[in-house]
Ligand SMILES: Cc1cc2nc3c(=O)[nH]c(=O)nc-3n(C[C@H](O)[C@H](O)[C@H](O)COP(=O)(O)O)c2cc1C
Ligand SMILES: Cc1cc2nc3c(=O)[nH]c(=O)nc-3n(C[C@H](O)[C@H](O)[C@H](O)COP(=O)(O)O)c2cc1C
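Protein chains in written order, with the UniProt record's numbering: chain A, 1 to 448; chain B, 1 to 448.
Given below as structure tokens:
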């Protein structure tokens with residue numbers, strides 16, 4: 001079979017467009033309405049998409065005045081969605097800066113068991129002082145510190161997932177011997193940030209490890225992804241930028257000793273689609289007209305880490321905007337935003353309009369056929385292994401994609417018509433990882 | 001209506017009896033089998049029980065060789081059970097020593113939203129060095145330190161649950177104003193152990209606060225329960241002990257300024273039942289014969305915090321066993337065990353047999369009618385407001401109770417025939433807590 005596209009449904013309550021909740025058809029309370037999320041999950045599964053994805057941060061959005069800000073904790077919400085679906089993968093974001101490895105590794109192992117092997121973890125380091133202040137800190141740990149912590153977190157999590165051999169349990173009713181203790185391994189991990197002595201209290205997950213996803217595009221972020229990620233979420237405005245990122249990340253994966261095909265790169269796309277271009281443009285305009293500039297300004301100032309006062313709605317970005325490498329938070333996002341503004345000489349107001357749909361993700365306005373063309377172009381020209389599908393308004397944006405674009409991609413032989421496997425790793429064509437303890441200690445009682 | 005019994009189903013994979021997994025009918029892999037748990041939940045709901053309860057600790061049981069030790073993380077498992085039921089409450093244990101308030105308060109708020117107001121939190125401080133070593137510590141924080149931490153944890157959690165007024169959201173599509181920021185309150189909590197600045201990113205839960213349960217019976221534990229708990233789990237071997245505890249805790253509640261009826265006391269009972277006494281005795285014997293003494297010894301040594309070598313199977317407990325007040329872990333449990341052994345002059349082997357069913361909980365062997373009598377006796381004589389029903393083997397132990405004992409209790413007018421309310425608080429006859437911010441700050445923009 002030819003190389004296949006991977007499609008992930010990046011869900012966000014009433015939609016990725018910041019003003020989507022103001023559309024007449026939108027339910028502004030969808031954010032905590034389980035039935036809304038179940039509807040989205042079933043649409044995505046009907047489209048045979050690889051997975052659902054929920055972004056997350058342990059903090060109330062600054063823009064709570066201007067858009068739905070309720071965020072049910074993603075592993076809980078995805079557990080609900082697991083029971084409402086049978087095949088689609090379930091990817092939850094969780095922070096390595098504000099969790100404990102034992103608890104989090106266990107939660108993902110539990111979700112993987114409960115869903116029959118459909119769990120994925122979007123590993124993020126969580127930018128921002130606001131989040132830090134919810135966890136007893138004055139400010140966020142610095143960028144490289146956060147990534148070192150993330151590395152340790154993933155190392156120890158993999159040991160925890162591997163702490164039971166796959167066949168650790170004999171459950172011998174006759175003798176009363178439940179487990180061979182030689183097949184349970186204590187990580188005894190001692191790092192700079194984390195120390196975890198004992199084995200997990202959950203058997204090895206069906207997938208071995210949940211799918212590991214990464215979404216930071218700074219230098220540290222890319223190195224981390226090259227070493228640990230099965231899939232990478234990213235944001236690009238142009239084919240050229242996406243190609244550059246793709247080539248860069250694949251070569252880093254090779255340098256880290258990995259098969260580049262085993263690191264799946266998924267840029268985001270916000271499709272605003274209709275049967276004709278004119279209709280699609282009208283839809284996009286409708287959404288843009290609903291943007292509250294005050295909110296856009298605030299968000300932009302936060303991404304750029306500048307005082308809001310220096311941004312003037314009808315002027316271009318000031319030259320004083322700092323170079324992104326000095327930014328402690330989301331380095332790649334601010335770089336992208338500044339580049340977009342400068343490349344197209346956008347006023348702040350125009351920039352806010354461009355970012356409203358997907359906060360820096362590629363917004364595509366056009367017909368279903370044109371969307372399929374762009375996806376195919378990026379996929380076949382070294383820019384993407386698939387896409388993060390980010391409905392501008394939900395459920396409509398996902399429904400249109402599934403009903404009108406997916407069939408075209410299937411017709412072209414680029415995308416599955418049925419799920420071939422049951423697990424999330426299978427949907428992405430990735431093997432089940434070997435257990436790091438199993439080979440070394442097999443048959444050596446007491447080892448590990 | 002006369003005072004009503006409260007019944008909580010304390011679930012544990014193949015049953016509370018440590019050897020239950022060895023019964024021919026038991027599935028030894030039930031611990032991580034979601035369908036098994038769904039079956040249990042539906043039996044309990046068929047019996048109109050108030051709630052399901054899962055114990056928990058972030059550590060692999062020492063006795064992993066001898067009994068099922070997989071423990072899916074309880075908020076995940078209860079989320080599954082929420083989708084498989086409509087009314088029954090869902091009580092998850094979580095540790096105040098090894099979690100962050102922002103994350104945990106959010107998880108319970110999410111479960112409460114996802115279940116339509118059925119979430120409860122069994123607040124534990126987590127005894128033991130093994131757990132501590134999974135979180136970067138050499139040993140557990142000392143007992144009183146853990147309880148001080150628990151107090152702060154609950155204080156800040158209540159602020160987080162209250163951080164959105166119930167009517168915080170206006171979602172005004174016309175103006176684009178989603179929330180009135182004056183109705184969202186930042187805890188700005190600064191304690192000795194925790195500092196949490198910002199509001200939760202989840203609207204106030206349907207129940208206001210999840211039901212708060214407490215299960216420690218030391219002096220610190222009882223004071224904590226008297227101040228914070230809506231319900232208290234406890235373990236007693238005799239009516240007299242249970243009465244003493246009941247009177248003590250209710251008077252502490254009064255001293256803390258609370259209505260004693262608002263603190264619901266639930267001792268555990270392990271019912272081993274049949275149509276005749278002889279059949280029930282045979283069932284109990286069957287289970288006792290399956291106990292592995294090596295496991296019982298190890299557990300006993302752990303509870304008593306003594307070296308295993310000083311315990312001799314066919315002798316009584318040595319006089320050197322320390323007085324329980326010197327124990328940093330589970331004070332009340334070790335006190336109970338020592339008292340039981342000394343009162344009945346049990347050998348260690350006999351003691352292990354007595355503890356096998358419910359680790360110190362009251363094991364009742366008899367007919368269905370006799371079980372109903374005992375429950376009624378404790379309920380009407382100042383020993384209990386209801387019970388924690390702990391099936392020795394599962395699902396059979398719960399099924400028998402629901403099919404044979406519940407109807408007797410209903411017949412006697414002691415227990416509901418139908419759920420009257422929808423939320424867990426309603427099942428326990430408890431009001432929805434007021435929001436601590438709402439009265440003070442109503443109409444004062446920017447306050448809180
Ligand atoms: C598609 C996508 C989704 C993301 N989701 C989250 C998220 O849910 N939570 C979060 O804290 N960061 C999220 N990020 C941001 C990154 O994880 C990362 O924090 C950010 O890009 C800054 O990291 P960097 O400095 O490596 O670029 C996301 C990024 C992308 C491209
Ligand atoms: C019915 C019941 C259930 C309990 N469940 C747990 C539990 O799930 N996790 C836990 O760490 N402790 C649990 N405990 C123990 C108590 O929370 C507490 O840690 C223990 O009794 C020691 O505290 P103390 O010193 O206040 O007695 C339970 C106790 C009882 C009576």
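Note that beta-carbon positions come from the ideal geometry of N, C-alpha and C, so glycine has one too.
Keep in mind it's a predicted model, so treat the numbers as computed, not measured.
Identify the contact partners of residue i in chain B, using a Cβ-Cβ distance below 7 Å as the criterion.
i, result
"residue 100 of chain A", "98 and 135"
"residue 130 of chain A", "198"
"residue 203 of chain A", "32 and 70"
"residue 83 of chain A", "80 and 83"
"residue 419 of chain A", "Simply none; closest approach about 20 Å."
"residue 428 of chain A", "Here the premise fails: no neighbours, minimum Cβ distance about 23 Å."
"residue 195 of chain A", "136"
Note down, in chain order, every chain B residue with its Cβ under 8 Å from the Cβ of residue i.
i, result
"residue 34 of chain A", "113 and 114"
"residue 477 of chain A", "The structure shown does not extend to residue 477 of chain A, since chain A spans only 1 to 448, so no value can be given for it."
"residue 422 of chain A", "Within chain B, no residue comes near residue 422 of chain A; the closest Cβ sits about 15 Å away, beyond 8 Å."
"residue 110 of chain A", "72, 73, 76 and 77"
"residue 435 of chain A", "The contacting residues do not exist; residue 435 of chain A stays about 16 Å from chain B at best."
What is the rounded straight-line gap between the Cα of residue i and the Cα of residue j?
i, j, result
"residue 445 of chain A", "residue 156 of chain A", "Low local confidence applies: a pLDDT of 42 at residue 445 of chain A is under 50, so the model's placement there is unreliable, and no value is given."
"residue 270 of chain A", "residue 372 of chain A", "13 Å"
"residue 119 of chain B", "residue 424 of chain B", "7 Å"
"residue 12 of chain A", "residue 101 of chain A", "26 Å"
"residue 369 of chain A", "residue 412 of chain A", "11 Å"
"residue 428 of chain A", "residue 50 of chain A", "7 Å"
"residue 415 of chain A", "residue 409 of chain A", "6 Å"
Go ahead and pull the three-state DSSP assignment for residue i.
i, result
"residue 246 of chain B", "helix"
"residue 39 of chain B", "helix"
"residue 388 of chain A", "strand"
"residue 184 of chain B", "strand"
"residue 208 of chain B", "coil"
"residue 223 of chain A", "helix"
"residue 144 of chain A", "helix"
"residue 316 of chain A", "strand"
"residue 177 of chain B", "strand"
"residue 195 of chain B", "strand"
"residue 437 of chain A", "coil"
"residue 379 of chain B", "helix"
"residue 229 of chain A", "coil"
Please list the terminal residues of the continuous beta strand (DSSP E) segment that includes residue i.
i, result
"residue 122 of chain A", "119 to 124"
"residue 6 of chain B", "6 to 11"
"residue 54 of chain A", "51 to 54"
"residue 169 of chain B", "169 to 172"
List, in order along the chain, the chain B residues whose C-beta lies closer than 9 Å to that of residue i?
i, result
"residue 173 of chain A", "21, 22, 23, 24, 26, 28 and 290"
Determine the chain C residues that contact residue i at a beta-carbon separation under 8 Å, and present them in chain order.
i, result
"residue 184 of chain B", "No chain C is part of this structure, whose protein chains are labelled A and B."
For the alpha helix (DSSP H) containing residue i, name the first residue and the last one.
i, result
"residue 83 of chain B", "74 to 83"
"residue 293 of chain A", "293 to 304"
Looking only at C-alpha atoms, which of the options sits nearest to residue i?
i, options, result
"residue 290 of chain B", "B:29, B:427, B:354 and B:61", "B:354"
"residue 357 of chain A", "A:308, A:3, A:16 and A:259", "A:16"
"residue 115 of chain B", "B:86, B:245, B:234 and B:303", "B:86"
"residue 160 of chain B", "B:178, B:138, B:201 and B:136", "B:201"
"residue 275 of chain B", "B:93, B:19 and B:403", "B:403"
"residue 124 of chain B", "B:216, B:168 and B:66", "B:216"
"residue 245 of chain B", "B:352, B:225 and B:256", "B:225"
"residue 223 of chain B", "B:248, B:241, B:203 and B:209", "B:248"
"residue 38 of chain B", "B:281, B:398, B:61 and B:339", "B:398"
"residue 265 of chain B", "B:71, B:382, B:309 and B:312", "B:382"
"residue 54 of chain B", "B:68, B:313 and B:91", "B:91"
Is residue i near ligand 4, with its Cβ less than 7 Å from a heavy atom?
i, result
"residue 387 of chain B", "Looking at this structure, you won't find ligand 4 anywhere; what it does contain is ligand 1 and ligand 2."
Residues of chain A with a CB under 9 Å from the CB of residue i: which are they?
i, result
"residue 408 of chain B", "Chain A residues near residue 408 of chain B: none, gap ~34 Å exceeds 9 Å."
List the residues of chain A that residue i touches, going by C-beta distances under 8 Å, in chain order.
i, result
"residue 93 of chain B", "Simply none; closest approach about 13 Å."
"residue 88 of chain B", "Going along chain A, no residue has its Cβ under 8 Å from residue 88 of chain B, so there is no contact; the nearest lies around 16 Å."
"residue 106 of chain B", "58 and 73"
"residue 178 of chain B", "21, 28, 64, 65, 66, 67, 68 and 69"
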